[in-house]
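Residues 1 to 211 in full-length UniProt numbering are what the sequence shown spells out, letter by letter.
Inspection log for the structure reproduced underneath, given as structure tokens.
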Amino acid sequence: MLKLEKINKSIEGRQILKDVSFEVVEGQTLCIVGPSNAGKTTLLRVIAGLGSFDSGTITLNNEPFDPEVDNRSKGVIGVVFQDFRLFPHLSTLENVSLAPELVAGTDQKQSRQEALSLLAQLDLADKADLYPYQLSGGRKQRVAIARALAMHPQILCYDEPTSALDPSLRDNVASLIQQLRNDQITQIVVTHDLAFAEKIADQTYELAAQD
Ligand SMILES: Nc1ncnc2c1ncn2[C@@H]1O[C@H](COP(=O)(O)OP(=O)(O)OP(=O)(O)O)[C@@H](O)[C@H]1O
């Protein structure tokens, strides 16, 4: 589905990504693992179009795909950030319905209906009117997931989904990712936690630290 071939990227003269090649299969979960500083976040940013790369090719469904151009504002690749990045001045419902309205042009009634249905799916139905500061870390993360899913991404990516949460929630995050996999959502999960990766991954790509 999404295929990377020999992706290279240097920052300030230092090679961070070297010949990164893998393919994530539709409906499956790919984990990108590696030690600190291996370039996991950098790679995720490249995939999501939030950062450039120097050489290599990326295709999506066998078509050339330039994330910086083709993902901008389109939500083809959704991202759940480590720190969630919710809009603090918006309610849970508004956080989820905003992008479909502003970016995809969905009318407000429909986008709110869809947001409510996603919130119900993620066990947040009774949190629709709360603001981010009123939510626990685990719930904020689920709002971030609902917000990404609201754009109907072809792939949902996570940057270190367990690291900002209490360790007791690790299994809940794993269950949630497994539940989304059962719903046929294609997922890419960046993690340094090998045991976590083992639980959720169909496929693992190991990123080695460069010198
Ligand atoms: N904008 C930047 N400017 C300078 N160096 C950068 C920049 N972005 C990333 N780097 C460097 O690239 C290397 C890889 O960083 P990255 O955050 O991608 O690694 P990581 O595997 O996600 O690490 P961690 O698990 O610690 O988050 C680091 O040495 C980092 O300092």
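Don't be surprised by glycine CBs; every beta carbon is placed ideally from N, CA and C.
None of the values given here were measured: they were computed from a predicted structure.
Beta-carbon proximity of residue i to residue j, cut-off 8 Å
i, j, result
"G51", "T42", "yes"
"S91", "L130", "yes"
"A104", "M151", "yes"
"I7", "G49", "no"
"T29", "I200", "yes"
"L156", "A164", "no"
"N95", "M1", "no"
"L86", "V33", "no"
"L44", "F22", "no"
"N182", "G138", "no"
"R112", "L135", "no"
Neighbour-count burial assignment, residue i, 16 or more Cβ in a 10 Å radius
i, result
"I185", "buried"
"L122", "buried"
"I125", "Note that residue 125 is Ala in the sequence shown, not Ile. So A125 counts as exposed."
"G75", "buried"
"F196", "buried"
"P161", "buried"
"D159", "buried"
"Y133", "exposed"
"S97", "buried"
"V25", "exposed"
"residue 212", "The structure shown does not extend to residue 212, since the chain is modelled only from 1 to 211, so the question has no answer here."
"Q108", "exposed"
"L207", "buried"
"L17", "buried"
Nearest-angstrom Cβ-Cβ length linking residue i and residue j, presumed shorter than 8 Å
i, j, result
"K40", "V190", "4 Å"
"A209", "P64", "Not a contact, Cβ separation roughly 30 Å."
"D83", "K9", "With 8 Å as the limit, D83 and K9 do not qualify as a contact, their Cβ atoms being about 23 Å apart."
"Q187", "L194", "Not confirmed; about 17 Å, so no contact."
"V80", "P67", "Rounded, the Cβ-Cβ distance is 16 Å, inconsistent with contact."
Chain-ordered list of residues that sit, by beta carbon, closer than 6 Å to a heavy atom of ligand 1: Checking every Cβ against the heavy atoms of ligand 1 under 6 Å gives I11, E12, I16, G34, S36, N37, A38, G39, K40, T41, T42 and H192.
Complete runs of the beta strand (DSSP E) confined to the region 27 to 68 [at least 3 residues]: Counting only runs of at least 3 residues, the region 27 to 68 fully encloses the following beta strand (DSSP E) elements, listed from N- to C-terminal order: 29 to 33 and 55 to 60.
Segments of 4+ residues assigned as alpha helix (DSSP H) that fall wholly inside the region 68 to 108: Every alpha helix (DSSP H) of 4 residues or more that sits fully in the region 68 to 108 is shown, in chain order, as 92 to 102.
Runs of alpha helix (DSSP H) lying entirely within the region 133 to 178, each at least 4 residues, in chain order: For the alpha helix (DSSP H) assignment, the uninterrupted runs of no fewer than 4 residues enclosed by the region 133 to 178 are, from N- to C-terminal side, 137 to 149.
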